[in-house]
Structures are given as structure tokens and as C-alpha cells.
Amino acid sequence: MIVACVFTFVVLIVFCAVVLRIFRAMLREEQWLPKELVTAKLMFSEQMFSGPSHAPVVARVDRAYWAEDQLHLVELKRRVHAKIYATDVIELSAQRLAVHAATGMHVSIVGVVVVEHPVTGRRTAMRVKLLAEDRVINLMRRRDAILAGVERPEETCLRARCIACEYRNECKGERGAKVYPLIRSTPD
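full-length UniProt numbering puts the sequence shown at residues 1 to 188.
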């Protein structure tokens, strides 16, 4: 009888610990989301979308939430510093173009970049205004022109970006280029 009571007590404690852990994980998830997305419905996660025929772009969406009659894009990044780069805005803008073309759903002009610190795991959410469709298309055309050798790349002031760039060979000795690898044109 005592053994059964002790066993039941241990099982109850383990069960409570598991439930508490799950609850804390859910709270952590809600803590880093902007307040308007805490109760939003997660519509897409880690999903690929293709853009319209006049702007052939392929984009992978980290997360898209449905709230206030529109989709809200969320891009997750792992960085030491919680800051937004131009590439984040361009990436989310390309995603917006592709998601709208693929689903027909209205996608918010404001995106969210969530930066997670690689050591502490602390997440910081920052809102960004996304680029209009014509700006994204112009960037795609410029990228294609640079890769075709029609236009010259512009020099970047960040040497580390140039060194890590997957298009470094295409720059043909240029120090750097404003060519962003997450905007990919599909073959004709």
C-alpha cells in the first residue's frame, strides 16, 4: 500500500513537471512574439513559395501568422547582436511577394525579424517595413544584370559580408556586391 502511494506520488510529480515544462515553453513562445501575433493562428512554417510569372522568385517562409485579416511574416535569425540588416528587409519583402502570388492572401507590409542570441537563446522581435513589389523586382533585375556581367556590383563597406558571399566569384574581383542570395530567379 505504501509502495503504491509512493509510486503514485512520483508519477504525479513527473507528470506535473512535464506539464510545467510544456507550459513554460508555450509562454516563452508567446513572450517573444509581438502582442498582435500572440493570439494569431500559425498558417505556414518552413514552407516554400513561388512568386508571380512577372517576378519569378522562390522564397522559404520561416513563419506566417494570420491576424487582423492578413498574413504577418516572421523571419527567425540567430545572431549575437539584435539588429536588422537590409538583407532581412529584402528577404521578407521577397517572401511577401511570393506568398501573395501563391496564396492570393493579403500579406502585411510590416514584417517581423526575430533575432535569437546563439548562446543565451534570448529572442528579440523587431518590426520592419517591407519593400514595395516594384522595389523587389528592381533588385531582382539588378542581381540578374550583375550576374550576367551587364552591370557592375557596388562595393560593400562590410568586408566580412564580401568574404562570406556565395556570389564572390561572380563579382570578378570586385570587393563586394549588393546581391542578396535569398532572392532567386527561377530559370525561364
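By construction, the Cβ of each residue, glycine as well, lies at the ideal position given by its N, Cα and C atoms. Fair warning: this is a prediction, and the values are worked out from it, not measured in the lab.
Give, in chain order, every unbroken run of the beta strand (DSSP E) that is at least 3 residues long and sits entirely within the stretch 8-77.
-> 41-50, 58-67
Between the beta-carbon of residue 109 and the beta-carbon of residue 130, is there less than 8 Å?
-> For the purposes of this step, residue 109 is identified with residue 109 of the sequence shown, where counting begins at 1. For the purposes of this step, residue 130 is identified with residue 130 of the sequence shown, where counting begins at 1. In this structure, residue 130 lies closer than 8 Å to residue 109 by Cβ.
Limits of the unbroken alpha helix (DSSP H) element including residue 94 | Indexing the sequence shown from 1 puts residue 94 at position 94. Going by DSSP, residue 94 is part of the alpha helix (DSSP H) stretching over 86-103.
Taking buried to mean at least 16 other C-beta atoms within 10 Å of its own C-beta, is residue 157 buried or exposed?
-> What you label residue 157 is simply residue 157 of the sequence shown in a count that begins at 1. That one is exposed.
How big is the Cα-Cα spacing for residue 88 and residue 57?
-> Residue mapping note: residue 88 aligns to position 88 of the sequence shown, counting from 1. Residue mapping note: residue 57 aligns to position 57 of the sequence shown, counting from 1. Whole-angstrom Cα-Cα distance: 16 Å.
Would you identify the three-state DSSP class for residue 135, choosing helix, strand or coil?
-> Walking along the sequence shown from the start, residue 135 turns up at place 135. It is helical.
Taking one C-beta from the stretch 31-45 and one from the stretch 65-77 each time, how about it: are there three or more such pairs within less than 8 Å?
-> In short, these stretches touch, since the Cβ pair count reaches three.
Should residue 52 be listed as close to the ligand GTP, given that the test is whether its C-beta is under 7 Å from any heavy atom?
-> By its list of ligands, the structure shown contains no ligand whatsoever, and the ligand GTP lies outside what it can speak to.
Quick one: what's got a C-beta closer than 6 Å to residue 51's C-beta in the same chain, skipping five residues either side?
-> As a position in the sequence shown, residue 51 is number 51, starting the count at 1. So the qualifying residues of the chain are 57, 97, 98, 101.
Could you spell out the range, first to last residue, of the beta strand (DSSP E) harbouring residue 126?
-> Looking up residue 126 in the sequence shown gives position 126. Element bounds for residue 126: 123-129.
Going by the CB atoms, is the gap between residue 38 and residue 82 shorter than 8 Å?
-> Here the question's residue 82 lines up with position 82 in the sequence shown. Here the question's residue 38 lines up with position 38 in the sequence shown. The Cβ atoms of residue 82 and residue 38 lie no closer than 8 Å to each other.
Can you tell me whether DSSP reads residue 150 as helix, strand or coil?
-> Within the sequence shown, the letter at position 150 stands for residue 150. Note: residue 150 maps to coil in three-state DSSP.
Whole angstroms is fine: what's the gap from residue 142's alpha carbon to residue 55's?
-> As a first step, residue 142 must be located in the sequence shown, where it is residue number 142. As a first step, residue 55 must be located in the sequence shown, where it is residue number 55. Between residue 142 and residue 55, the C-alpha separation is close to 13 Å.
Taking just the CA atoms, how far does residue 43 sit from residue 66?
-> Position 66 of the sequence shown holds residue 66. Position 43 of the sequence shown holds residue 43. Taking the straight line from one Cα to the other gives about 6 Å.
Per-residue burial, residue 93 [other beta carbons within 10 Å of its own, 16 or more giving buried] = For the purposes of this step, residue 93 is taken as residue 93 along the sequence shown, with counting starting at 1. Classification of residue 93: buried, given that the 10 Å Cβ count is 16 or more.
Out of 120, 165, 107, point me to the one whose CA is closest to residue 63's CA.
-> Locating residue 63 in the sequence shown gives position 63, where the first residue counts as 1. The residue with the shortest Cα to Cα distance from residue 63 is 107.
Taking just the CA atoms, how far does residue 8 sit from residue 2?
-> Translated into positions along the sequence shown, residue 2 becomes position 2. Translated into positions along the sequence shown, residue 8 becomes position 8. C-alpha separation (whole angstroms): 10 Å.
Collapsed DSSP secondary structure at residue 107 in the structure displayed = Indexing the sequence shown from 1 puts residue 107 at position 107. In this structure, residue 107 counts as strand in the three-state DSSP scheme.
Paired residues, beta bridge with residue 112 - DSSP = To locate residue 112, count along the sequence shown from 1; it is residue 112. DSSP lists 74, 127 as the bridge partner or partners of residue 112.
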